[in-house]
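Contents: one structure, followed by commentary.
Residue numbers (the numbering used here): 625 to 988.
Printed below as a string of structure tokens:
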């Protein structure tokens with residue numbers, strides 16, 4: 625007999641592995657219904673976030689007999705990298721407000737630094753009841769297994785190499801330490817049915833690994849941590865924001881702000897204006913920038929630590945004629961009313977940058 629009506633747990637589940645299943649199984653033992661809060665639910669595909677919200681739901685359910693499926697409730701959770709309070713408020717007011725909190729238990733394990741949110745959620749008393757899931761009989765599942773290692777194998781070396789990696793983990797750590805057969809089968813089917821997406825993610829990851837190797841080599845000759853600086857522009861005209869479609873290796877085909885890397889002889893403001901001109905043909909002056917803000921979330925780019933200094937221009941005149949050039953393959957003027965529905969198409973954190981810079985003017 626279950627003790628609670630609901631058990632809630634939170635994660636991205638970007639490869640549903642035995643450590644995850646340990647936690648979810650305990651949720652099923654504790655409650656009638658399991659609320660699976662799925663983070664990064666609306667972000668674009670990357671090797672860190674290769675599957676959509678719907679695909680992750682399908683992957684998780686593939687691990688359970690259909691008779692258990694009606695006990696699961698899946699709640700998508702958007703990212704908010706520059707407003708932590710908005711992220712916590714979303715959990716509290718958009719998700720958990722729908723359920724009886726006195727009859728809900730939060731089941732989550734703070735494994736490492738990436739689990740900081742567990743303490744923060746409990747500090748906010750978001751849940752009346754909280755349980756750290758019991759360790760698996762095999763300690764490796766609970767403490768050490770993580771999806772990052774598996775995604776690395778899958779996208780750096782290919783599906784067969786990932787299967788071989790699973791088999792090595794099985795040999796080293798015990799019978800329940802590889803990714804379970806149901807997840808393996810789900811991923812095999814996904815790779816077979818989405819060869820272009822899989823190839824694009826693998827190619828981008830290969831380029832990222834090469835970029836990191838280059839930067840790590842440079843770091844051997846420099847006494848301080850190397851940070852990369854870039855400048856971007858949010859150009860607003862008649863409630864539409866100017867976007868480019870990326871044509872380069874990183875984020876190819878995704879929507880982005882016009883921008884690029886800072887050169888040695890320019891300020892971040894000059895860089896923003898130069899990059900805007902090079903990618904769109906539009907000419908503005910530094911004096912047209914209403915504000916500049918640094919966006920420095922350490923995880924904002926998969927390539928390296930890239931800090932973006934982003935400027936805002938609001939042009940109330942006729943819509944300027946932009947032409948894609950340089951790293952841009954196309955131009956898009958996106959109505960602000962459609963921005964949220966298209967956030968899964970954006971490169972890195974560019975959707976979130978737009979939202980942050982426009983907060984004084986718009987509720988997006």
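No residue lacks a Cβ here, since even glycine has one placed at the ideal position from N, Cα and C.
With a threshold of 16 other beta carbon atoms within 10 Å, residue 805 falls short and is exposed.
The stretch 820-835 makes contact with the stretch 776-792: 3 or more CB pairs, one atom from each, lie closer than 8 Å. For residue 802, the closest of 844, 791 and 670 by C-alpha to C-alpha distance is 791. Contact annotation, residue 659 with residue 684: C-beta distance approximately 13 Å; criterion of less than 8 Å not satisfied.
Annotation for residue 629: the continuous beta strand (DSSP E) segment containing it runs 628-635. For residue 888, the closest C-alpha among the options 854, 912, 876 and 868 is that of 854. By the criterion of a C-beta distance shorter than 8 Å, residue 714 is surrounded in its chain by 701, 702 and 704, once the five residues flanking it on both sides are discounted. When the alpha-carbon of residue 900 is set against those of 839, 847, 923 and 949, the nearest one is in 949.
About 6 Å separates the beta carbons of residue 937 and residue 857, which is inside the 8 Å limit, making them a contact pair.
Under the three-state reduction of DSSP, residue 699 is assigned to strand.
Take the alpha-carbon of residue 771 and the one of residue 649: they are about 18 Å apart.
Here residue 651 has 631, 633, 658 and 731 as same chain residues with Cβ atoms under 7 Å from its own Cβ, once five neighbours each way along the sequence are excluded.
The shortest CA-to-CA distance from residue 877 to any of 637, 661, 977 and 821 is the one to 821. Between the beta-carbon of residue 728 and that of residue 692 there is about 19 Å, and that puts the pair past the 8 Å contact cut. Beta-bridge annotation (DSSP): residue 858 is paired with 936.
Checking the DSSP bridge columns, you'll see residue 754 partnered with 730. Residue 841: not part of any beta strand (DSSP E); member of the alpha helix (DSSP H) spanning 819-843, first to last residue.
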